[in-house]
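Residue numbers (the numbering used here), protein chains in the order written: chain A, 3 to 88; chain B, -18 to 480; chain C, 1341 to 1735. Quick reminder that beta carbons are idealized off the backbone N, C-alpha and C, glycines included. The structure under discussion appears below in the form of structure tokens.
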Amino acid sequence: MTSFRLDGRPVPFVPGQTLGAALVAAGRTSWRTTRNEGRPRGIFCGIGVCFDCLLTVDGVPDQRACQVLATEDLEVGTQEGERRAP
Amino acid sequence: MRPETLRDGTVDVAVVGAGPAGLAAAAVALLGGLTVALVDAGQELGGQFWRRPPEGSAVDPGDDLHHDLATYRSLAGTVRSAARDGRCRLLPGHHVWTAVAPPATAPGERPQGPLPLHLLDRSSGPGRERTLRLDARHVVLATGAYDRPLPFPGWDLPGVYTAGGLQALLKGGGVRAGSRVVVGGTGPFLLPVATGLAARGASVVVCEANDPRRWACGAGAALGLPGKLVEGAGYAAALVRHRVPVLLRHAVTAAHGTDRVEAVTISRLDASGGIVPGSDRRVEADAVGTGWGFVPQLDLAVTLGADLVASWDGNRVVRVDEWQRTSVPGLSAAGEVCGVGGAQLAVREGQLAAEGVLRDLGRPSVTGERGLARVRGAVARHRRFAAAMAHAHPVPEGWTAWVDDATTVCRCEEVCAGQVRRAVADGAVGVRQVKQLTRAGMGWCQGRMCAPAVAGLAGPGEGEVAERLVATPVPLGALARGNGSPPHTLSRPAPEEKV
Amino acid sequence: MRVVVVGAGIVGASCALAAARAGCEVVVLDRGQVGAGTTSRGEGNVLVSDKEPGPELDLALVSRTVWGRWAEELGADALEFEPKGGVVVATAAEALTPLGELVAGQEAAGVVAHAAGPDDLRGLEPHLAPDLPGGYHYPQDAQVQPVLAAATILAAAVRLGARHRPATEVVGARRSTDGALQAVLCADGSEVAADAVVNAAGTWGGQVGERLGAPVPVLPRKGYVLVTQPVPALVHHKVYSADYVANVAASTEGLETSCVVESTRGGTILIGASRERVGFDPAMEPSTVALLAAQAVRLFPVLERVQLMRVYRGFRPYCPDHLPVVGPDPRVPGVLHACGHEGAGVGLAPATGELVAAHLTGADPVATLGIDPRPFLPDRLLTGAGDATRTEDLT
């Protein structure tokens, strides 16, 4: 089965799914924490408007999981608080 | 859809948004012999209504999720075939981040030169975005709408989605977001979301905040639209078949859980939308969908200076004439940005918008005089129906009482209802001033998610439609690389494109 | 004395507080809400570093002192007052000499500035591009959140008895037969009795002046502020390139762009400010935005992947000689002006308020504030015919 990695662990996906869809299908509902209160966040609007579902894709932070198509061996990272050390 | 090879020349029409309205506008303009660029932030033709997995994908969500697929296939076929002939440029993964209307020489006059749209091309993936410019003689805005969420305690827990978010996961990714789902809010859109999930084995409860008797009031308007009644009856049958209870005058008033939603509180509402005391009950849920109608995506229309009017559902929408022309010369609009009325209305408005452009250019009509009369008749009926639906599905006045002071209102900046209420008590008026004093609406989504809630807590105030000159976030590096003269236009490949 | 202040921006609020403290009965009128005009469209700069020696710098230094005092009295948090300091960076070695000359003049006027070599720059701002030749650190530069500050200052005036009437547009003035001001007339038909009226209408100061029978040439200058997504603290001071200093005093037509980069409490980074004089055409030029982005990335390469989230657009009100107009109008008794602060209204507001209060009460601003009021008087802007250049209709 095709998969990408979230923080190094494989997440299976069906080609054509977004990262967000694949994560939800895998039972994962959150992959980011908020800046001020550290609250967990995942998909909310699902159509690219709310920016709740941000994660890091191949080292590029702040990508919307609901918009980026999953591809084989993509390295995806969760984002904590203020996203990352620059 | 794959991005079209870039070629020389200003296009006759740029259509922004490849949903029902945009697809129809593009198809009719192409049938009328014009050159078209069809821009969409998504990967695929169809927008939200006809959201589908990308071409060649192994995902198969099932055709039962869609209506009017024949229309979609016909419009998309016209567009794809023109793309192969080189008369249509498909620009998926491109977002118009801003647009500038050239100054008109005189009031109402057509401005000199084309309307430039400034695009952010995300089609090459994260970190490889670039900016470019698309010049078009006419622009049709068909940017659609997004869900209007309202806050309730716990609505920011993972597992709580907008109703449209649940639907997008299902339509685009074939993913059922939960096995015990509560869908709450108001409006006919809750029903296809519920039936789609129930058909895939989820146990679903619908909380409709309004009362069926209000539907009945508007039913007369539906008489001219048998298709709408059939569609409604289809959902009703599906709800019965899948044993989906629809609780009228009920709302999801809280979500519970620590790191994700585990249960919700469902409450019965009184006539003004207040919670009937003692009516709360707790229902286990692993996914929640919330939706209170839709908010038109007006960013570009506002940036371009188009006049707005009040719509049947209380939204501000773009003011258009009988050819879907806005107050800005060369700019038309179609679909939900002109009033939320569904895909069938949007398709016809897109048709009229393209016909208007053909007419302005002195080209013959594609639809013909009698066809246009039929389209106009259908537009009028669908608008009446939409108005009746909106009338039957208002946001209940009392919703703010469900929101305690600790409830997050602005998800991005984590501003709670108490902060908004304090700012209002201190004299702040309207969304804009509350934003400046509390940061509600200043974050990533730029208030798209919280503005309806802030308006409800604070009153709309002046300038109730936010001006968002930047319609989508743009990496500074992409802007910096695009800096300098001449700009990277679609007619002039940028240096890095050759690499 | 009954004083009407027209304009509830940062300047109007400051005038209201200073006048109320001086014992005046103050009414603040604004056609909109607190700080909804140019005040809400800027970064909240309290800068001394960007000014050449002269009257504006003198006013800015006094203003900086008053900002510090108000922060103590009203609460630094209530103003989001941050004495973060400024760093002016030469983007090319050739700029170091003229920059040094400017600094020498500023120091003579009372500005504190420390030379910073490439290593010092890295210590001050670790994310600056490594090839920058040097610059200066200005510890006096500060920042406030302008709308919050205007609201807080106005609230302080209200506690002293001032009245605030938002959403009230001023349309004219009523005078007695001998020309004495009697009342200010509002669009809703109401009148506010007044012995003096302060035109603190910012960009609309020209129009309000006309309505009061005292036109002054206040012109709009377009400005943008770019706001990025929230990021961790990358930028610690207000950092700008030395060519910005030259641009402030420039009065040539056309595009003059430079960039100022800073972080906010909310985590966003602000990138300003283009200075483009193009009347009130509300269009935004993406080329200007791109230029600012390029300049910011030049200073801080780390911004390359940071995303632009919004653009504030506003109009900076300025007078032909780039000094604000503060003081009594010689043509019309009872009318005082306090507008035309260009991009420095927030920084200059407290001293402007104190200066207006001195004019109202007849105090000597040289003795009480250490400000020579003469360079700011409206007289300098009036033509021989006693009539100022007619400003555009701004409605």
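Span separating the alpha-carbon of residue i from that of residue j
i	j	result
Gly1667(C)	Arg1605(C)	35 Å
Asn1353(C)	Cys397(B)	Looking at the sequence itself, residue 1353(C) is Ala, so the reference to Asn does not match. Answer to the nearest angstrom: the Cα atoms are 28 Å apart.
Tyr1564(C)	Pro34(B)	40 Å
Thr16(B)	Ala80(B)	20 Å
Gly1612(C)	Val1601(C)	7 Å
Asp45(B)	Gln325(B)	17 Å
Asp491(B)	Ala359(B)	Outside the modelled stretch of chain B, which goes from -18 to 480, sits residue 491(B), for which no answer is possible.
Gly113(A)	Leu1472(C)	Any answer about residue 113(A) is impossible in this case: the structure gives chain A only from 3 up to 88.
Thr52(B)	Gly316(B)	15 Å
Gly28(B)	Phe133(B)	28 Å
Met370(B)	Val1538(C)	52 Å
Val1629(C)	Ala1684(C)	21 Å
Tyr1681(C)	Ala1691(C)	The question names Tyr, but residue 1681(C) in the sequence shown is His. Their Cα atoms are separated by approximately 12 Å.
Ala482(B)	Glu39(A)	The question about residue 482(B) has no answer here: the residues shown for chain B are numbered -18 through 480.
Cys431(B)	Trp136(B)	12 Å
Thr176(B)	Gly23(B)	25 Å
Gly1440(C)	Ala1449(C)	14 Å
Ala123(B)	Ala334(B)	10 Å
Asp192(B)	Thr234(B)	17 Å
Ala1359(C)	Arg1409(C)	17 Å
Gly331(B)	Gly44(A)	34 Å
Ala27(A)	Val13(A)	10 Å
Ala1456(C)	Glu1434(C)	15 Å
Pro1664(C)	Leu1721(C)	11 Å
Where residue i sits in the DSSP three-state scheme
i	result
Gly1594(C)	Note that Gly1594(C) has pLDDT 36, beneath the 50 cutoff, so the model's placement of it is unreliable and no number is given.
Ile1493(C)	helix
Met370(B)	helix
Glu265(B)	strand
Cys1355(C)	helix
Val376(B)	coil
Glu110(B)	coil
Asp280(B)	helix
Pro130(B)	coil
Cys52(A)	coil
Ser55(B)	helix
Phe275(B)	strand
Pro17(A)	coil
Gly1475(C)	strand
Close-in-space but distant-in-sequence residues of the same chain around residue i (CB under 6 Å, 5 per side omitted)
i	result
Leu147(B)	Ala158, Val174, Gly270
Gln1485(C)	Gly1384, Glu1420
Pro1670(C)	Asp1719
Ser1591(C)	For Ser1591(C), the predicted structure reports a pLDDT of 44, less than 50, and the residue's modelled location is therefore unreliable. The matter cannot be settled from this model.
Glu74(A)	Thr4
Beta-carbon contacts of residue i that lie in its chain and below 7 Å, excluding the five residues immediately before and after
i	result
Cys52(A)	Phe46
Leu26(B)	Met(-18), Ala(-1), Leu4, Ala57, Val60
Val446(B)	Leu279, Val283, Leu289, Arg297
Gly1425(C)	His1477, Tyr1478, Pro1479, Asp1481, His1577
Val309(B)	Ala82, Leu285, Gly286, Ala287
Leu1717(C)	Gly1667
Gly50(A)	Arg66, Cys68, Gln69
Presumed contact (8 Å Cβ cut-off) between residue i and residue j, rounded CB distance
i	j	result
Val1427(C)	His1467(C)	About 12 Å separates the two Cβ atoms, so there is no contact after all.
Ala1633(C)	Leu1648(C)	7 Å
Val1429(C)	Leu1387(C)	Not really, about 15 Å apart at Cβ, beyond 8 Å.
Ala72(A)	Leu21(A)	5 Å
Arg1645(C)	Pro456(B)	6 Å
Residues near residue i by beta carbon distance below 8 Å, same chain, minus five either side
i	result
Arg420(B)	Cys391, Glu394, Val396
Gly142(B)	It should be pointed out that residue 142(B) corresponds to Tyr in this sequence rather than to Gly. Leu150, Ala158, Ala268, Val269, Gly270, Thr271, listed in sequence order.
Leu250(B)	Ala190, Arg230, His231, Ala232, Ile256, Val257, Pro377, Gly379
Glu212(B)	His48
*asked:* Any contact between the segment 372 to 389 of chain B and the segment 120 to 127 of chain B? By contact I mean 3 or more CB pairs, one from each, below 8 Å.
replied: no
*Segment contact, 8 Å Cβ cut-off, at least three pairs: the segment 1491 to 1510 of chain C with the segment 1366 to 1378 of chain C*: yes
_Three or more C-beta pairs below 8 Å linking the segment 1521 to 1538 of chain C and the segment 1389 to 1401 of chain C_ = no
*Counting Cβ pairs closer than 8 Å, one from the segment 1689 to 1709 of chain C and one from the segment 1402 to 1416 of chain C, do we hit at least three?*
yes
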